[in-house]
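In terms of this note's numbering, the sequence shown opens at residue 1 and continues consecutively. All C-beta atoms, glycine included, are put in the ideal place defined by N, C-alpha and C. If you're wondering where the values come from, they're calculated on a predicted model, not measured in any experiment.
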Amino acid sequence: MPVSTTMTIRVSLELKKKLDRIASATSRSRSFLAGEAVAAYVDRELEIIDGIKRGMADAEAGRLVPHEEAMAEIFDVIRKAETGKGDKV
């Protein structure tokens, strides 16, 4: 069984009421839902932070694409999508 701990947080009355609605509709406790929300937030933020760090390391190592080249590629993808000539995924 995973180890867990208890935290106390303050939320607005409006947020608590919304959480109550979700808890009631899903037959889950507020605590469970809050834990799930915090876990999703933490995972997402850590992915962003890790991505920024990778990007900074790439920049320091000179692994960059010039802005004009990147924008040309983006506009080419958009043009192909708009004309229906892009690769289907």
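Item                                                                                                                                         : Value
Thinking Leu33 and Leu19 are a contact (beta carbons under 8 Å), I'd like their distance in whole angstroms, please.                         : 6 Å
Near Asp58, which residues of its chain fall below 8 Å by C-beta distance, leaving aside the five closest residues on each side in sequence? : Leu64
Taking only three categories from DSSP, how would you classify Gly55?                                                                        : helix
Within the continuous alpha helix (DSSP H) that includes Ala70, where are the two ends?                                                      : His67 to Thr83
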